[in-house]
Amino acid sequence: MSVEKMNTVIVGAGQAGIAMSEHLSLMGVPHVVLERSRIAERWRSERWDSLVANGPAWHDRFPSLKFDNISQEAFPPKERMAQYFEDYAKMLDAPVRTGVEVYLVERLAGRSGFKVVTSAGEFEADNVVAATGPFQKPSIPQIVPESAALHQIHSSGYKNPQQLPEGGVLVVGAGASGTQIAEELRKSGRDVYLSVGEHYRPPRAYRDRDYCWWLGALGLWDEVKIKPKKQHVAFAVSGYEGGKTVDFRRLAHMGITLVGITTRWDDGVLSFAEGLAENIAEGDKAYFDVLRDADAYIARNGLDLPPEPQAWELLSDPECLINPLAKLDIHGAGISTIIWATGFKFDFSWLQVDAFDEKGVPFHKRGISAERGIYFLGLPNLVNRASSFIYGVWHDAKYIADHIVLQNAYTDYVKS
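Now the structure itself:
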């Protein structure tokens, strides 16, 4: 079987891979984008039916192409997001090969570059960009045994309420996914419990500006003024139903029972950690911090943006927050399903190179890995908080493309 030689192989044709292709094309770097399914496949088949983008159309896009046939203030549905990236790839005439799965990447013996083994044959590449993003392998805590008489799925496998067996639902995880799914299920008539842990809860919008705008205006995308923050804290913001602030008190008042962090299963009884009220209070503090900083920014810059005093008002504490449940008899409560909205783990098992730390986490600086010629793109906090978002990944890709061009110059150097 012949081996195809290529300067750069990009693995993944989601937002990261398409952004990487654009910058390499502009710089004249020969490359190919390998995608095991279709362009932006996770938007298509690994999300629930009613999912929309977390940012408005004017923001959640690449600079060279605006959304058409949709308001720039709207939150595009998942099908439109997938179409956007497919349209973008066509506009670029990007060298994307779909239906090609990458099985293995390893360094070539005795010479520079890498062997890339795929379902469509082998490549030899000087550079490999892992653009598979942050949502690779569903992460489900080992709490409730598979043998329990419950329907258990990860949020990536949830589609709609009709998919689930009759009965109540416990949603574990209160970030963007968990809160949207819990609200949708409650509106469908289900009894819903929502397990809430530590989270970051900003306003969806404030004083006529979306939170994405405030992230930019206040320098929060770039995080120049770094504040201590905990790892793996849920990001409770969404564009659901036209975009509204995630408000756990509102969810409780509509009939969702809030519980603490799910910790233990004991013969049909789930236990929840203490600290639900404290976690809600910490989320409130983050919310008010944004409002306070936004007000100061408006005053400092003399902006004519309408006051929004109602944004400072909180609903009354619901009973489930005042007297939170410590335990719950699952079957006694009529719960038939647990949805684990508990995030994802990395899966770089195909990347057999020296680019990871002792815990198996990518070891890199701004996406440039410890293994020369291996790059990562689209990971959380690759450069800053924008890196795993559509807005940020395009700019991170440009930096990596610059680095690839510089390294190619060293490789191609011939002393005169």
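Using my numbering, you'd call the opening residue of the sequence shown number -17 and step up by one each time. Don't be surprised by glycine CBs; every beta carbon is placed ideally from N, CA and C.
Asked                                                                                                                                                     : Found
Cutting at 6 Å between CB atoms, please list the residues of its own chain near M63, excluding the five before and the five after it.                     : W25 and A35
Would you identify the three-state DSSP class for F230, choosing helix, strand or coil?                                                                   : helix
If we count Cβ pairs, one from each stretch, closer than 8 Å, do we get three or more for the segment 101 to 109 versus the segment 42 to 50?             : no
Which ranges would you report for the alpha helix (DSSP H) in the segment 180 to 224 if only whole runs of at least 4 residues count?                     : 193 to 199
How would you label W294, buried or exposed, when you count the other beta carbons within 10 angstroms and need 16 or more for buried?                    : exposed
Residues in the same chain with beta-carbon distance under 7 Å from A164, minus the five sequence neighbours each way, listed in chain order, please.     : V153, V174, L176, L233 and I238
Skipping 5 residues on each side, what residues in its chain have a beta carbon closer than 7 Å to that of H385?                                          : I350
If I measure Cβ to Cβ from E4 and keep anything under 6 Å in the same chain, skipping five residues before and after, which residues do I get?            : L74
Go through the segment 260 to 333 residue by residue and report every complete run of the beta strand (DSSP E) that reaches 3 residues or more, in order. : 309 to 311 and 317 to 322
Where does I312 land, buried or exposed, given buried means 16+ other C-beta within 10 angstroms?                                                         : buried
In the DSSP assignment, what residue or residues form a beta bridge with G103?                                                                            : T100
Just to check my reading of the structure: A268 and P362 have Cβ atoms closer than 8 Å, yes? What is that Cβ distance to the nearest angstrom?            : Not quite, the Cβ-Cβ distance comes to about 18 Å (not below 8 Å), so this is no contact.
Since H133 sits in a beta bridge, which residues does DSSP pair it with?                                                                                  : T319
Identify every residue that forms a DSSP beta bridge with H377.                                                                                           : None, per the DSSP bridge assignment.
Just the C-alpha distance for A278 and E264, rounded to the nearest angstrom, thanks.                                                                     : 21 Å
Exposed or buried, which one is K72 when buried takes at least 16 other CB atoms within 10 Å?                                                             : exposed
Select from G(-4), G284, E223 and K309 the residue whose C-alpha is nearest the C-alpha of D249.                                                          : K309
Count the CB pairs spanning the segment 332 to 349 and the segment 84 to 94 that are closer than 8 Å, and state whether there are at least three.         : yes
Let me check one thing: in DSSP terms, what residues is V365 bridge-paired to?                                                                            : In DSSP, V365 forms no bridge with anything.
Three or more beta-carbon pairs under 8 Å between the segment 316 to 332 and the segment 117 to 131, yes or no?                                           : yes
For the candidate residues A276, P123 and S220, whose alpha-carbon lies nearest to that of I243?                                                          : P123
Please report the residue range of the alpha helix (DSSP H) in which D248 lies.                                                                           : Not the alpha helix (DSSP H): D248 falls in the beta strand (DSSP E), residues T244 to D248.
With distances taken from CA atoms, which of A199, K380, A76 and L240 is nearest R231?                                                                    : L240
Which term fits T393, buried or exposed, when burial requires 16 or more other beta carbons within 10 angstroms of its beta carbon?                       : exposed
Hey, how far is the Cα of P406 from the Cα of G360?                                                                                                       : No answer is possible for residue 406: the residues shown for the chain start at -17 and end at 398.
Using CA atoms only, rank isn't needed, just tell me which of P143, F67, P77 and G160 is closest to S7.                                                   : P77
Mapping DSSP to helix, strand and coil, what is P169?                                                                                                     : Strictly speaking, residue 169 in this sequence is Lys, with Pro absent from that position. Helix, per DSSP.
Go to E83, then tell me how far its alpha helix (DSSP H) extends in each direction, as first and last residue.                                            : Here E83 belongs to no alpha helix (DSSP H), and DSSP marks it neither H nor E.
When the Cα atoms are used, what is the spatial distance from A130 to D229?                                                                               : 32 Å
By how many angstroms is the C-alpha of D204 removed from the C-alpha of V111?                                                                            : 23 Å
Per DSSP, what kind of secondary structure is I(-8) in: helix, strand or coil?                                                                            : strand
At which residues does the alpha helix (DSSP H) containing G(-1) begin and terminate?                                                                     : Q(-3) to L8
Give the secondary structure of F67 by DSSP, where H, G and I count as helix, E and B as strand, and everything else as coil.                             : helix
Going by the CB atoms, is the gap between V375 and Q65 shorter than 8 Å?                                                                                  : no
To the nearest angstrom, report how far apart V(-15) and A(-5) are at their CA atoms.                                                                     : 22 Å
Looking at C-alpha atoms only, which residue of A259, Y395 and F345 is the closest neighbour of H181?                                                     : A259
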